[in-house]
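Participant: Be aware that the sequence shown starts at 286, since it is given in this note's numbering, and climbs by one per residue.
Here's a structure for you.
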Amino acid sequence: MTFPTKRATVARRAVPFLDISRENSPLTASIQAAIEGVCESGAFVLGPECRQLEDTVARISGVPHGIGCASGSDALLLSLMALDIGPGDEVIVPSFTFFATASAVSRLGAKPVFVDIDPRTYNIDPQEFAAAITPATKAVIPVHLFGQPADMNHIMTIAEEHQVYVIEDAAQAIGAVHLDRPVGSWGHIGCISFYPTKNLGGFGDSGMMVTADDELAERLRLLRVHGMKPRYVHREVGINSRLDSIQAAVLNVKLQSLNDWTNARRENAERYMRMFSTARMSSQLTLPSVSPESHHVWNQFTIRVHDGMRDALREYLNDQKVGTEIYYPIPLHLQACFADLGYREGSLPHTEQAAREVLNLPIFPMLTEDEQETVVHHSVQFFASEVGRLTDYRPAA
Ligand SMILES: *Cc1c(COP(=O)(O)O)cnc(C)c1O
286 MTFPTKRATV ARRAVPFLDI SRENSPLTAS IQAAIEGVCE SGAFVLGPEC RQLEDTVARI
346 SGVPHGIGCA SGSDALLLSL MALDIGPGDE VIVPSFTFFA TASAVSRLGA KPVFVDIDPR
406 TYNIDPQEFA AAITPATKAV IPVHLFGQPA DMNHIMTIAE EHQVYVIEDA AQAIGAVHLD
466 RPVGSWGHIG CISFYPTKNL GGFGDSGMMV TADDELAERL RLLRVHGMKP RYVHREVGIN
526 SRLDSIQAAV LNVKLQSLND WTNARRENAE RYMRMFSTAR MSSQLTLPSV SPESHHVWNQ
586 FTIRVHDGMR DALREYLNDQ KVGTEIYYPI PLHLQACFAD LGYREGSLPH TEQAAREVLN
646 LPIFPMLTED EQETVVHHSV QFFASEVGRL TDYRPAA
């Protein structure tokens, strides 16, 4: 009687999609001290910590002005307000992005005009931007999606030719560089988010606008405090979107590690590239494409899964306790709230295909090589053993 031979099995642990505590816990003492400092000062809103953060983020972005606010979403809204965008105006935006890029436009009564992406970088296609310009076009909002700068060189040329304002959505891309200019310094205003999942994340919501334009900076500072200057005198109707000193204090501490974390993200990305290439997965997956003009900061590592297998792979990885996400499953031009704009399935083919195929893998700075090996191992296993069994698999309608 023979027994099946016992094969050595490596115990594989769960891999979280994102573990923020790994970057925060080494800094706990400094962060707590910084928070206590704010509590003792009593200056909870727009205190000195905020100015310090504004100056540092402006410097990183290569511009003189940083204007803190309550979120990245508000940064977009305030930027559009400062450029007097409203009813009758069109603002060109990608559809393959987070909701806030377009909702800020709608909130002000202007019309978001959705355009398609370059399928390699997932960023707005400059040609599509050019083709969408009309006499009503007031601005464009290129998004530096997943941490890779949009093609700002071409976008600025087109925008200048047609006198269109440029607001950069750099929510996912602090520290990224296109050619030799940081994101946020190309357009009229750059918008940054410090939401906890971003490359520089606070202990809650906050955001910032950066600009080289003195007058715009002044206007943004006014608009974030109800258009009030001096106290109780209102020259125009702004909103309440101030930066909390506690968030700024936390971010000032975390900023000291941002370079190291960005480098760690870049190393993780390169390691995935090597691991997936060695595993010869190119017929099943497309790896991210990095423009030679870009310094990519890898807020996300985004693969494409071919042949309608994305959801099945995600389910398999989930069963193996590997966390993944889908950014973004429903393009904005197909969202119910924008139905009256008249887009249909098929309007933006590259965007729609990306929404069906993309899968975001763990890429956070403290992700270990072993964990990455686990992610790749299970992905390979899925295609080696599960595909046959799943040939009848159909994505849920
Ligand atoms: C996160 C994000 C925003 C909004 O930032 P919040 O701080 O969450 O309001 C806007 N655009 C993009 C592309 C984002 O990823």
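Think of the CB as a built atom: it goes at the ideal place given N, C-alpha and C, for glycine as much as any other residue.
In this text, all values refer to a predicted model and were calculated from it rather than measured experimentally.
Please go through the segment 375–454 and give each complete alpha helix (DSSP H) segment of 4 or more residues, from N-terminal end onward.
Facilitator: 385–392, 411–417, 437–447
Participant: Considering only the beta carbon of each residue, do Glu686 and Pro481 sit closer than 8 Å?
Facilitator: For the chain, the structure presents residues 286 to 682; residue 686 sits outside this window and is missing.
Participant: Should Asp529 be listed as close to ligand 1, given that the test is whether its C-beta is under 7 Å from any heavy atom?
Facilitator: no
Participant: Is Pro515 near Gly347, with beta carbons less than 8 Å apart?
Facilitator: no
Participant: For the alpha helix (DSSP H) that contains Ser562, what are its first and last residues?
Facilitator: 530–563
Participant: Take Leu570 and list the residues in its own chain whose beta-carbon comes closer than 8 Å to its own, dropping the five residues that flank it on each side.
Facilitator: Phe561, Ile588, Arg589, Val590, His591, Ser664
Participant: Does Glu630 come out as helix, strand or coil in the three-state DSSP assignment?
Facilitator: coil
Participant: For Arg344 and Ala669, what's the separation of their Cα atoms in angstroms?
Facilitator: 49 Å
Participant: Report the rounded CA-to-CA distance for Arg392 versus Gly512, giving the unit in angstroms.
Facilitator: 18 Å
Participant: If distances are taken between C-alpha atoms only, which option among Ile531, Asp625, Lys396, Gly432 comes closest to Ser315?
Facilitator: Ile531
Participant: Considering only residues of the segment 568–625, which uninterrupted alpha helix (DSSP H) runs meet the minimum length of 4 residues and lie entirely inside it, listed in chain order?
Facilitator: 595–604, all fully within the segment 568–625.
Participant: Near Leu464, which residues of its chain fall below 7 Å by C-beta distance, leaving aside the five closest residues on each side in sequence?
Facilitator: The beta carbon of Leu464 is closer than 7 Å to those of Asn438, Glu578 in its chain, skipping five residues each way along the sequence.
Participant: Does Gly475 come out as helix, strand or coil in the three-state DSSP assignment?
Facilitator: If DSSP states are grouped into helix, strand and coil, Gly475 belongs with the strands.
Participant: Does the beta-carbon of Gln585, which I'm using as the reference point, lie nearer than 7 Å to any heavy atom of ligand 1?
Facilitator: no
Participant: Is Thr419 close to chain B, meaning its C-beta is less than 8 Å from at least one C-beta of that chain?
Facilitator: Of the protein chains in the structure, only one exists, and it is not chain B.
Participant: From Gly351 to Gln457, what distance separates their C-alpha atoms?
Facilitator: Their backbone Cα atoms lie some 17 Å apart in a straight line.
Participant: Tell me which residues share the same chain as Thr382 and place their Cβ nearer than 8 Å to its Cβ, disregarding the 5 neighbours each side in the sequence.
Facilitator: Val428, Leu430, Asp454, Tyr613, Leu617
Participant: Name the two residues that bound the continuous beta strand (DSSP E) containing Met493.
Facilitator: Note, Met493: beta strand (DSSP E), 492–496.
Participant: Under a three-way DSSP split, which group does Asn309 fall into?
Facilitator: helix
Participant: Measure the C-alpha to C-alpha separation of Met594 and Gly608 and round it to an integer number of angstroms.
Facilitator: 17 Å
Participant: Helix, strand or coil for Gly351? Go by DSSP, reduced to three states.
Facilitator: strand
Participant: Which residues have a Cβ closer than 6 Å to any heavy atom of ligand 1, listed in chain order?
Facilitator: Result (chain order): Ser356, Gly357, Ser358, Thr382, Phe383, Ala385, Thr386, Val428, Asp454, Ala456, Gln457, Ser478, Tyr480, Asp490, Gly492.
Participant: Could you work out which residue in His581, Gly432, Ala639, Pro420 is closest to Val449 when comparing CA atoms only?
Facilitator: Pro420
Participant: For Arg506 and Asn544, what's the separation of their Cα atoms in angstroms?
Facilitator: 28 Å
Participant: With DSSP run on the structure shown, which of helix, strand or coil describes Leu644?
Facilitator: strand
Participant: For the alpha helix (DSSP H) holding Gly489, just list the boundary residues, first then last.
Facilitator: Unbroken run through Gly489: none, as it is neither H nor E.
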